[in-house]
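Right, one structure below, let's go through it.
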Amino acid sequence: MAVLHLATIFVLLATTQARVLRDGIIGGKEAKPHSRPYMAYLVEGTNWNEMKFLCGGFLVADQWVMTAAHCFDNVQQPNVTVLLGVHNIKLERGVKTFYIRRGVEHPRYFHKREHKIVNDIFLLKLNKKATLNSYVSTIALPEAESEVKVGTNCSVAGWGAISNDINNSASYPSSLQEVKTTIIDRNRCNSSWSGKIASTNICADGSGQVKGFCSGDSGGPLVCDNTAVGIVSFSGNPCGSFKLPDVYTQISKYSDWVKKYIRLFT
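Have a look at this one:
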């Protein structure tokens, strides 16, 4: 049976335990510092010494971050802090801190263990506008209903686990990691996942190599041609398995919804 694994994890930022750094999310490498200035680092808590890493996200407008809805399962929005301008969470200076003024979950978001996750998309309105510069900037979104061609080379990044056995002690990096991934056919993906893939999902894998996202990478963007086309949703166990492709929410299916609520609450 295919094991559906959400890519969300809690990691205590102030931990005193050593973390082993390896080359990648799974099969990737450390990103060039601030080469992905749209990345957001979401934590639970407002006291730095007690913050827990929650998810990734990405800046789509100067006051709006997009992430995965499942990141907020059993999490109170007022207790979430959004950090922008992060590369190495342990060394960074000048990181910009934001709080959530409003959260907008897709009204038809559905998540039940061992069943498909659908409409896994969430918008966060920040408490203030971000100042855009070389460390903090937005990423483009796709046109409505646009499709990414099968075989397109893309990438995904995050601060999630860099060891692929989530049932044992996984390692988590301090620095942003990235990995290349390739868009695959949705029907093939649906077959691999025994029917758990919706028409609003997009799938990618490592083209026969152990590559992909893992625990903690939820909410981050799947980037193709400098455009965020997907949101990290769920994967198999072990992470990066070519038998169970990585699954993302396809952003182009939600373009009207995104525009509507950003306009409504701006």
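Numbered per mature numbering (1 follows the signal peptide of the UniProt record, and there is no 0), the sequence shown spans residues -18 to -1, 1 to 248.
The beta-carbon is built from N, C-alpha and C at its ideal position, and this holds for glycine as well.
According to DSSP, residues forming a beta bridge with residue i
i: serine 137; result: Lys162, Val205
i: tyrosine 230; result: Ile184, Val214
i: glycine 194; result: Ile8
i: alanine 122; result: Thr209
i: glutamate 26; result: Lys34, Val62
i: serine 157; result: Asn70
Exposed unless 16 or more other CB atoms sit within 10 angstroms - verdict on residue i
i: leucine 73; result: exposed
i: glutamine 58; result: exposed
i: proline 124; result: buried
i: glutamine 232; result: buried
i: alanine 13; result: buried
i: asparagine 183; result: buried
i: leucine 65; result: buried
Residues near residue i in its chain [Cβ-Cβ closer than 6 Å; skip 5 each side]
i: serine 237; result: Ala126
i: serine 128; result: Ser234
i: isoleucine -10; result: Low confidence applies to isoleucine -10: its pLDDT is 44, below 50, so where it sits in the model is not reliable, and the reading given next is rough at best. Around isoleucine -10: Ser197, Gly198.
i: phenylalanine 92; result: Val100
Beta-carbon proximity list for residue i, same chain, < 8 Å, skipping 5 on both sides
i: serine 119; result: Pro19, Tyr20, Leu41
i: lysine 94; result: none
i: valine 214; result: Ala(-12), Gly38, Ala50, Val138, Gly140, Phe195, Asp199, Ser200, Gly201, Gly202, Pro203, Leu204, Asp228, Tyr230
First through last residue of the beta strand (DSSP E) which encompasses residue i
i: arginine 83; result: 78 to 87
i: valine 42; result: 34 to 43
i: phenylalanine 104; result: 104 to 108
i: valine 57; result: It is not in any beta strand (DSSP E) - valine 57 carries neither H nor E in the DSSP assignment.
i: threonine 49; result: 46 to 49
Start-to-end residues for the alpha helix (DSSP H) that takes in residue i
i: tryptophan 239; result: 237 to 246
i: cysteine 171; result: 168 to 174
Check: If you pair each beta-carbon of the stretch 167 to 178 with each one of the stretch 30 to 48, do three or more pairs fall below 8 Å?
Finding: no
Notebook entry, point to check: Any contact of the stretch 24 to 38 with the stretch 110 to 117, i.e. 3+ C-beta pairs under 8 Å?
Noted result: no
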